[in-house]
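Q: So that we are looking at the same thing, I have put the structure below in structure tokens.
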Amino acid sequence: MPGVIQRMVVIGGDAAGMSAASQAKRLAGDKLEVIAFERGAHSSYSACGIPYWVAGDVGDGEQLVARTPEAHRANGIDLRMLTDVEAIDLQAGKVAVRDLASGRRHRESFDHLVLATGAVPVRLPLPGCDATGVFGVQTLDDGAALLAGLDRLRPEHAVVIGGGYIGVEMAEAMARRHLAVTVVDRASQPMSTLDPDMGELVHEAMEKLGIDVHTDTSVTGFEVDGDGRVRSVATSDGAVAADVVVLGLGVRPNAALAEEAGLPLGDQGGIRTDMQMRVLGHEQVWAGGDCVEVLNLVSGQYEHVPLGTHANKHGRVIGHNIAGSYATFPGVVGTAVSKVYNLEIARTGLRERDANQAGFGYVTVTIRSGTRAAYFPGTQRLTVKMTAERHTGRLLGAQIVGNEGSAKRIDTAATALWNRMTVEEMTALDLAYAPPFSPVWDPILVAARQASAAVRAAP
Ligand SMILES: Cc1cc2nc3c(=O)[nH]c(=O)nc-3n(C[C@H](O)[C@H](O)[C@H](O)COP(=O)(O)OP(=O)(O)OC[C@H]3O[C@@H](n4cnc5c(N)ncnc54)[C@H](O)[C@@H]3O)c2cc1C
68 MPGVIQRMVV
78 IGGDAAGMSA
88 ASQAKRLAGD
98 KLEVIAFERG
108 AHSSYSACGI
118 PYWVAGDVGD
128 GEQLVARTPE
138 AHRANGIDLR
148 MLTDVEAIDL
158 QAGKVAVRDL
168 ASGRRHRESF
178 DHLVLATGAV
188 PVRLPLPGCD
198 ATGVFGVQTL
208 DDGAALLAGL
218 DRLRPEHAVV
228 IGGGYIGVEM
238 AEAMARRHLA
248 VTVVDRASQP
258 MSTLDPDMGE
268 LVHEAMEKLG
278 IDVHTDTSVT
288 GFEVDGDGRV
298 RSVATSDGAV
308 AADVVVLGLG
318 VRPNAALAEE
328 AGLPLGDQGG
338 IRTDMQMRVL
348 GHEQVWAGGD
358 CVEVLNLVSG
368 QYEHVPLGTH
378 ANKHGRVIGH
388 NIAGSYATFP
398 GVVGTAVSKV
408 YNLEIARTGL
418 RERDANQAGF
428 GYVTVTIRSG
438 TRAAYFPGTQ
448 RLTVKMTAER
458 HTGRLLGAQI
468 VGNEGSAKRI
478 DTAATALWNR
488 MTVEEMTALD
498 LAYAPPFSPV
508 WDPILVAARQ
518 ASAAVRAAP
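Numbering-wise (this note's numbering), the sequence shown opens with residue 68 and increments by one.
What follows is the structure, given as structure tokens:
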């Protein structure tokens, strides 16, 4: 109704929540009262920067804060820090809130509710899991605790549990702090977001960099000394000495509040929304970021893809829609990038196992090329694996492992996937070329050419 001031309540003061709050406030101005609740002490910060802060690339954790609570308040958002939302009453249109400093509770009404509660890190419920020297890396406070622990404990041996991208980035961070580093992962290769043959390249490179990688290995416990300090990690493969342990076991959607309120969850435990990020069946309730599931546009299945790049986009979309404008988040194609030292790792689309699961018949090719013209100084090696659908030749996925200048080439494949291009169409892409930047046939074009030939040759 024109002239009526509406109230938007946001739960979660980081990427998704504050993007939604900022976008809506920017568009709606005084017509919208925006209240955001954050149980932690930081707003709008980059967890993505934590490994680089720990490694020493970023000097100060405050540099990871994109917008402080004061900056949000100056923009007209009533951001209440250290405030926990304990329950949602959809019928009454209210949330139950507790001020963590005073312990005081009250209820706040909303016209629009945004759930942006993020994810909870997976922990190992094993004896010794909370010993001194065991750290998570989910939040800025975790990063600060780890750095303080490194100063205080002066460790020599680090064990990183989990060989996903956070584990791999943290392994580099620990190694650069001159610790002997072991990564323990129960998968057959690190970076299980890649196919195992590409993960093997990461494994080999990590070993060459001096990082010990134990694959097919499960953690069974922690040995703790009389002072309560971790001394080793017990695994299915024997004990690994550790005076500091970093947990990089992945996350699951933080959707308990949503579930208790009766909001719909998907198979992977994330909140289900439509393309406008409106919670299914609830006109005034929205959700975005690590607490939701998203549509994979290649497989057609809903997945939990906890990445900051999506959380920010979700927030923008929610903000537009609440302010009366219109925006959508159609889904993802599964693009991600990471690195360990100079080794760059990137993926988009489906792994072979995803393609199988989705029921695609496919061909794959793997090519080796360079990041610049072969004769140009500084050219680096890279490997590209590409997967295309049999018969149609539709691109299904690509993975890249290589040295500096490799990873961001994945964006070409991601754009092609988004536009449902065939590998034959990709061979004609007008990509930039000059010797300092690429060989005359960019590695993505080489892979597309070979994939196209494989599609033609496939029965
Ligand atoms: C070490 C690390 C590295 C990463 N690197 C990358 C990367 O390179 N690229 C990338 O795309 N992504 C990366 N990510 C993932 C990215 O940080 C997350 O996807 C992003 O932060 C999700 O934003 P969000 O707003 O959904 O959730 P969060 O950032 O988790 O924010 C949710 C907020 O809600 C608050 N909250 C939850 N429940 C309540 C409640 N009941 N009441 C009040 N407040 C509540 C929490 O305290 C939290 O601050 C990384 C993550 C980590 C941990």
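Backbone N, C-alpha and C fix where the C-beta goes; we use that ideal spot for every residue, glycine too.
Quick caveat, the model's predicted, so the values are computed rather than measured.
1. Looking at the structure shown, is M68 part of a helix, part of a strand, or coil, going by DSSP?
2. Should the segment 344 to 357 be called in touch with the segment 383 to 397, which here means at least 3 C-beta pairs below 8 Å?
3. Within 8 Å: the Cβ of R106 and any heavy atom of ligand 1?
4. Is there at least one non-hydrogen atom of ligand 1 closer than 8 Å to the beta-carbon of C196?
5. Determine the contact status of A82 and S111, defining contact as a CB-CB distance below 9 Å.
6. Alpha carbon to alpha carbon, how far is M241 from P118?
7. Should the segment 445 to 452 be regarded as contacting the segment 464 to 482, the criterion being three or more beta carbon pairs within less than 8 Å?
8. For R165, which residues from the same chain have a beta carbon less than 6 Å from its beta carbon, with the 5 sequence-adjacent residues on both sides left out?
9. By DSSP, does S86 sit in helix, in strand, or in coil?
10. Check whether the Cβ atoms of V250 and D283 lie closer than 9 Å to each other.
11. For a test of your reading of the model: does the CB of N388 fall under 8 Å from any non-hydrogen atom of ligand 1? Yes or no.
12. Is any non-hydrogen atom of ligand 1 found closer than 8 Å to the C-beta of N321, if you look at the structure I gave you?
13. Measuring only the C-alpha atoms, how far is M68 from S176?
14. Does Q158 pass the burial test, meaning 16 or more other C-beta atoms within 10 Å, or should it be called exposed?
15. So, do the segment 477 to 493 and the segment 515 to 524 have three or more beta carbon pairs nearer to each other than 8 Å?
16. Buried or exposed, going by whether 16 or more other CB atoms sit within 10 Å of the CB of M85?
17. Looking only at its chain, what residues have a beta carbon closer than 6 Å to the beta carbon of L261, apart from the 5 residues adjacent to it on each side?
18. Could you give the residue range of the beta strand (DSSP E) that holds P320?
19. Determine the extent of the beta strand (DSSP E) in which S405 is found, giving its start and end residues.
20. On the three-pair Cβ rule with 8 Å, is the segment 301 to 315 touching the segment 223 to 232?
21. Going by the CB atoms, is the gap between T433 and E419 shorter than 9 Å?
22. Say the cut is 8 Å; is the CB of G375 nearer than that to a heavy atom of ligand 1?
23. When we look at the beta-carbon of N486 and count the other beta-carbons within 10 Å, is it buried (16 or more) or exposed?
24. When you compare the CB positions of L496 and I511, do they come within less than 9 Å of one another, or not?
25. Hey, out of E239, Q351 and V346, whose CA is closest to L276's CA?
A: This is what the structure gives:
1. For M68, the predicted structure reports a pLDDT of 45, less than 50, and the residue's modelled location is therefore unreliable. A value from the coordinates is still provided. Three-state DSSP puts M68 in coil, outside helix and strand.
2. yes
3. yes
4. no
5. yes
6. 9 Å
7. yes
8. D151, E153 and R172
9. helix
10. no
11. no
12. yes
13. Bear in mind that a pLDDT of 45 at M68, under 50, signals an unreliable position, so the number given afterwards is only what the model happens to contain. About 18 Å.
14. exposed
15. yes
16. buried
17. R414 and Q466
18. V318 to P320
19. A403 to V407
20. yes
21. no
22. yes
23. exposed
24. yes
25. E239
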